[in-house]
Amino acid sequence: MLRYFLAVAEELHFGRAATRLYIAQPSLSHQIRKLEDTLGTPLFVRSNRRVQLTAAGRTLVREAPKALAALEQAVQLTRLAGSGFATTIRLGYTPVTGFDTLTTLLGAIREDHPDLLVDPREFFSAEIPDRLRAGDRGYRSRPRTTAGRRGSR
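The C-terminal position of the sequence shown is numbered 224 in the numbering used here, with every residue numbered one higher than the one before it.
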């Protein structure tokens, strides 16, 4: 639902966001309503002519990419831990990501996963779908010798 929300927030138009997401507009509207119900607050002010973010919506625009990045990282790290491979990951972030947030995140990664190399890269939100379609999944696995780990050479 957060990805759907971000698409509508970036487009400020349900129809264009639905087209971008390859889903029907009524389905997108329903998902956004469910998210608003879950959060207990409206995220958008809707009229016949335009869509605007509420204060809550503006807050979620700032916070949702961080939550999605954390979730994606958790999934990737879990898979890596299960595979026994050390790796390099590309950490994509948008220009709105605060410097403090980025340095804190990178420090925590280094502390918790010293065998993990992080390649941080700034991307505009509009670039991400094209990169994903081109096969850039944000990480690449490269086996390295890691003592005491399965799959080490």
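C-beta atoms are modelled at their ideal positions from N, C-alpha and C, and glycine is treated no differently.
Quick check: the segment 144-151 against the segment 108-128, are at least 3 beta-carbon pairs closer than 8 Å?
No, the segment 108-128 does not touch the segment 144-151.
Return the CA-CA distance between residue 115 and residue 186, expressed in angstroms with no decimal places.
Locating residue 115 in the sequence shown gives position 44, counting from the first residue. Locating residue 186 in the sequence shown gives position 115, counting from the first residue. Their backbone Cα atoms lie some 43 Å apart in a straight line.
Touching by the beta-carbon criterion (3+ pairs, under 8 Å), the segment 94-106 and the segment 133-150:
Touching, no.
With distances taken from CA atoms, which of 89, 197 and 109 is nearest residue 163?
Counting from one through the sequence shown, the residue named residue 163 turns up at place 92. Selected option, being the one with the closest Cα: 197.
Roughly how many whole angstroms lie between the Cα atoms of residue 79 and residue 88?
Taking the first residue of the sequence shown as position 1, residue 79 is located at position 8. Taking the first residue of the sequence shown as position 1, residue 88 is located at position 17. If I take the Cα positions, the gap works out to 5 Å.
How is residue 170 classed by DSSP in three states: helix, strand or coil?
The residue labelled residue 170 in the question sits at position 99 within the sequence shown. Three-state DSSP puts residue 170 in a helix.
Per DSSP, cross-strand counterpart(s) of residue 164:
The residue you call residue 164 lines up with position 93 of the sequence shown. BP columns for residue 164 point to 193.
In three-state terms, what does DSSP make of residue 83?
Residue 83 sits at position 12 when you count from the first residue of the sequence shown. In this structure, DSSP gives residue 83 a state outside helix and strand, which the three-state scheme calls coil.
Span of the beta strand (DSSP E) holding residue 124?
Working through the sequence shown from its first residue, we reach residue 124 at position 53. It spans 122-124 - the beta strand (DSSP E) in which residue 124 sits, taken as one unbroken run.
Distance, Cα to Cα, residue 38 vs residue 191?
It is not possible to answer for residue 38, since the shown part of the chain is limited to 72 through 224.
Please go through the same chain and pick out, in chain order, the residues whose beta-carbon is closer than 6 Å to the beta-carbon of residue 72, but skip the five residues on each side of it.
In the sequence shown, residue 72 corresponds to position 1, counting from 1. 102 and 106.
In chain order, what are the residue ranges of uninterrupted beta strand (DSSP E) at least 3 long that sit wholly in the segment 86-159?
With a minimum length of 3 residues, the continuous beta strand (DSSP E) runs that stay inside the segment 86-159 are 115-117 and 122-124.
Residue 187 (DSSP reduced to helix, strand or coil)
Reading the sequence shown from its first residue, position 116 is the one you call residue 187. Under the three-state reduction of DSSP output, residue 187 falls in the coil class, being neither helix nor strand.
Status (buried if at least 16 other CB within 10 Å, exposed otherwise) for residue 159:
Locating residue 159 in the sequence shown gives position 88, where the first residue counts as 1. Exposed, because fewer than 16 other Cβ atoms sit within 10 Å of the Cβ of residue 159.
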